[in-house]
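Numbering (the working numbering), first residue to last: 2 to 109. Positions of the beta carbon are idealized from the N, C-alpha and C atoms, including for glycine.
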Amino acid sequence: MNWILLIIAGLFEMLFAICLGKANHTQGIISKLWFGGFLICLFLSMTLLVKVTKVLPIGTAYAVWTGIGAAGTVLLGIFVFKEPATFWRLFFITTLIGSIVGLKLVSH
């Protein structure tokens with residue numbers, strides 16, 4: 002169950018990065034709404050991360066959390082925001098995801 006919560010925390014980390022980016026590229030009330038989304042996602046992500054680190058090793062949990070957020074943010078950038086999908090970007094995202102899976106496999 003803790004690994005599922007960690008994945009959810011990573012997804013909220015990805016969402017708070019997206020909300021922050023959108024808040025910086027909009028103005029007025031829309032910007033404030035995106036910033037509100039950022040704060041909500043940040044709170045949920047951190048709350049879940051704190052919960053899982055009571056059971057999982059902090060180094061593994063933090064690496065997986067940031068990896069999910071980083072990989073998810075890049076993939077959303079590619080698929081939703083039409084950022085370039087170069088060979089090297091995809092190569093390094095693949096190695097990042099492989100590292101996350103590897104950490105899961107070697108953690109107790």
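For I8, same chain residues with a beta-carbon under 7 angstroms away, outside a window of 5 residues either side, are I69 in chain order. The shortest C-alpha to C-alpha distance from F44 to any of A24, T27, E14, I94 is the one to E14. A72: member of the alpha helix (DSSP H) spanning 59-80, first to last residue. For K52, the enclosing alpha helix (DSSP H) stretches over residues 29-53. The beta-carbon distance between L49 and L6, rounded to whole angstroms, is 5 angstroms. This is short enough to meet the 8 angstroms contact definition. One alpha carbon belongs to I101, the other to Q28, and they sit about 36 angstroms apart.
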